[in-house]
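Written out below as structure tokens is the structure these notes cover.
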Amino acid sequence: MTVEAGTNESPNEEYKAPASALDVTPTLDGGVLKEIIKEGESEETPLSGCKVHVHYTGKLTDGTVFDSSRDKPQPFTFQLGKGKVIKAWELGIATMKKGEVAVLHCKHEYAYGITGSPPKIPPKATLIFEVELIEWDVENLSGKKDNGILRRPITNGTGIDSPKELAEVEIHLVGEYEGRVFDDRDVIFCLGEGADNDIPPGVEKALESFVRGETSKLELKPKYGFGDIGHEKFGIPPGASLVYTVTLKKYDQPKDSWMMSSHEKLDEAKNLKEKGTKYFKAEKFDLALKMYKKVLEFIESDAGFEEELLADRSTVLLATNLNIAMCHLKLKHFTEAKKSCDVALDLDANNLKALFRRGQALLQMCEPSLARKDFEKVVALEPTNKAAAAQISVCTQRQRELHSKEKIMYANMFEKFAQKD
1 MTVEAGTNES PNEEYKAPAS ALDVTPTLDG GVLKEIIKEG ESEETPLSGC KVHVHYTGKL
61 TDGTVFDSSR DKPQPFTFQL GKGKVIKAWE LGIATMKKGE VAVLHCKHEY AYGITGSPPK
121 IPPKATLIFE VELIEWDVEN LSGKKDNGIL RRPITNGTGI DSPKELAEVE IHLVGEYEGR
181 VFDDRDVIFC LGEGADNDIP PGVEKALESF VRGETSKLEL KPKYGFGDIG HEKFGIPPGA
241 SLVYTVTLKK YDQPKDSWMM SSHEKLDEAK NLKEKGTKYF KAEKFDLALK MYKKVLEFIE
301 SDAGFEEELL ADRSTVLLAT NLNIAMCHLK LKHFTEAKKS CDVALDLDAN NLKALFRRGQ
361 ALLQMCEPSL ARKDFEKVVA LEPTNKAAAA QISVCTQRQR ELHSKEKIMY ANMFEKFAQK
421 D
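Here's what the structure looks like:
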């Protein structure tokens with residue numbers, strides 16, 4: 001196949017396409033004209049990222065065939081919108097429907113530019129492609145090979161940019177379960193906080209690949225829907241696969257951290273920390289954890305921070321790591337909780353909350369002797385801390401229980417060895 005991208009220059013060619021051909025270029029400059037030979041089977045067209053399967057015959061304006069898939073065993077396949085083929089194909093095929101046959105009349109700046117593609121395609125050549133769009137594979141947006149989030153395009157949007165995490169998006173969505181519509185509404189929210197608006201993670205993940213004005217149907221496996229819990233309000237049972245039709249109306253992109261001043265980074269970190277605390281108080285620990293982790297992206301490194309901001313940054317950084325540890329404890333992620341406490345203690349070696357929470361994590365990790373040391377240090381620093389004193393008693397009891405279990409285990413081992421002898 002010889003339709004890889006080429007260079008572009010302004011042409012001056014005499015060839016004229018039929019008057020019925022439609023201009024499919026964004027600027028309507030006549031560079032790619034499309035003539036439909038056979039109508040397609042549906043209203044859907046492939047979106048950027050879809051793997052499309054086509055048959056084609058490429059000709060020069062004098063009728064010379066320079067390439068064709070018709071004499072090959074398989075149709076030609078490529079991923080649309082990724083710069084794998086000439087611009088004329090990217091534009092023309094994106095407007096085609098399944099089963100459609102069309103002729104694309106392509107000026108050289110949308111094909112192989114002023115150099116051509118020797119020896120078959122001369123410089124500044126206008127090309128004519130008859131293309132049949134056989135089908136396209138539904139795009140998997142999960143980022144894994146599980147087909148967990150399948151996108152079926154309905155309406156192409158405009159532009160090439162997609163919203164990033166924390167972007168404020170305005171969408172319309174329709175959720176279906178086994179043919180029943182359970183959700184139909186407009187909603188405005190920040191990407192990453194969809195759970196607070198009863199939006200499943202698969203829809204949020206998919207929106208990061210949408211363009212403005214796009215409407216697509218999403219097929220979500222349970223992991224990307226409401227998971228093993230389901231959704232009582234919507235009547236969704238655990239382990240349900242869902243279908244959503246989503247339109248991205250508009251979005252406001254957040255400012256990248258590298259474009260922010262130190263003051264802006266610190267302000268954004270404080271704003272995210274407040275959001276995290278709001279979600280924590282509402283016992284939405286996953287969302288709280290997500291917000292606290294985003295705080296670190298803005299202030300974890302002190303590079304570029306002015307001297308007068310370093311103390312404030314350290315205060316926010318310490319509090320955030322303590323909050324992350326607390327979220328992990330609530331979610332029973334005890335190893336991760338310990339790691340966050342370690343980071344906090346690197347910032348403040350005598351921090352009572354960090355010592356206490358690390359002790360809690362270590363207890364759950366069956367490390368009562370290590371946990372005891374943390375609780376004892378808390379009491380040494382704050383003798384009136386009754387909670388830490390109580391935990392020392394718990395550690396003592398756990399140590400006794402572990403010791404008893406070890407004695408029984410070793411006794412059984414020795415008994416087995418004796419029987420073998």
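Letter by letter, the sequence shown follows residues 1 to 421 in full-length UniProt numbering. Built from N, CA and C at the ideal position, the CB exists for glycine as well.
Distance check for residue j and residue i, CA to CA, integer angstroms please.
{"i": "Glu307", "j": "Ser301", "result": "14 Å"}
{"i": "Phe305", "j": "His263", "result": "8 Å"}
{"i": "Ala19", "j": "Val32", "result": "13 Å"}
{"i": "Asp348", "j": "Leu266", "result": "20 Å"}
{"i": "Tyr15", "j": "Ile114", "result": "16 Å"}
{"i": "His53", "j": "Pro163", "result": "28 Å"}
{"i": "Trp89", "j": "Trp136", "result": "15 Å"}
{"i": "Lys249", "j": "Leu191", "result": "14 Å"}
{"i": "Ser393", "j": "Val343", "result": "27 Å"}
{"i": "Glu109", "j": "Thr61", "result": "15 Å"}
{"i": "Val379", "j": "Phe298", "result": "34 Å"}
{"i": "Glu9", "j": "Met259", "result": "With a pLDDT of 40 at Glu9, under the threshold of 50, the predicted position of this residue should be treated as unreliable, and no value is reported."}
{"i": "Gly116", "j": "Lys107", "result": "11 Å"}
{"i": "Asp161", "j": "Arg212", "result": "8 Å"}
{"i": "Gly227", "j": "Ser340", "result": "27 Å"}
{"i": "Thr7", "j": "Ala311", "result": "The predicted position of Thr7 is uncertain, since its pLDDT is 41 and thus under 50; a value taken from the coordinates is nonetheless stated next. If I take the Cα positions, the gap works out to 53 Å."}
{"i": "Glu132", "j": "Asp29", "result": "24 Å"}
{"i": "His403", "j": "Val187", "result": "57 Å"}
{"i": "Gly179", "j": "Leu242", "result": "9 Å"}
{"i": "Asp184", "j": "Ile86", "result": "40 Å"}
With DSSP as the reference, label residue i as helix, strand or coil.
{"i": "Tyr177", "result": "strand"}
{"i": "Leu345", "result": "helix"}
{"i": "Gly6", "result": "Its pLDDT being 44, under 50, Gly6 is placed unreliably in this model, and the coordinates cannot settle the point."}
{"i": "Thr320", "result": "helix"}
{"i": "His333", "result": "coil"}
{"i": "Ser68", "result": "strand"}
{"i": "Lys16", "result": "coil"}
{"i": "Asn351", "result": "coil"}
{"i": "Val379", "result": "helix"}
{"i": "Asp198", "result": "coil"}
{"i": "Val131", "result": "strand"}
{"i": "Glu366", "result": "According to the sequence as given, residue 366 is Cys; it is not Glu. Coil."}
With distances taken between CB atoms, is the gap from residue i to residue j smaller than 8 Å?
{"i": "Ile37", "j": "Ala102", "result": "yes"}
{"i": "Lys97", "j": "Glu130", "result": "no"}
{"i": "Ser69", "j": "Pro153", "result": "no"}
{"i": "Tyr244", "j": "Val203", "result": "yes"}
{"i": "Ala361", "j": "Ala337", "result": "yes"}
{"i": "Lys221", "j": "Gly175", "result": "no"}
{"i": "Val295", "j": "Ala325", "result": "no"}
In the DSSP assignment, what residue or residues form a beta bridge with residue i?
{"i": "Asn156", "result": "DSSP lists no partner for Asn156."}
{"i": "Tyr112", "result": "None; Tyr112 has no bridge partner."}
{"i": "Thr245", "result": "Val174 and Lys217"}
{"i": "Ser117", "result": "Ile121"}
Compute the beta-carbon to beta-carbon distance between residue i and residue j, rounded to the nearest angstrom, for a pair I have assumed lies under 8 Å.
{"i": "Pro75", "j": "Ile134", "result": "5 Å"}
I'd like to know whether the C-beta of residue i is nearer than 8 Å to at least one C-beta of chain D.
{"i": "Ala288", "result": "The structure shown contains no chain D; it is built from a single protein chain."}
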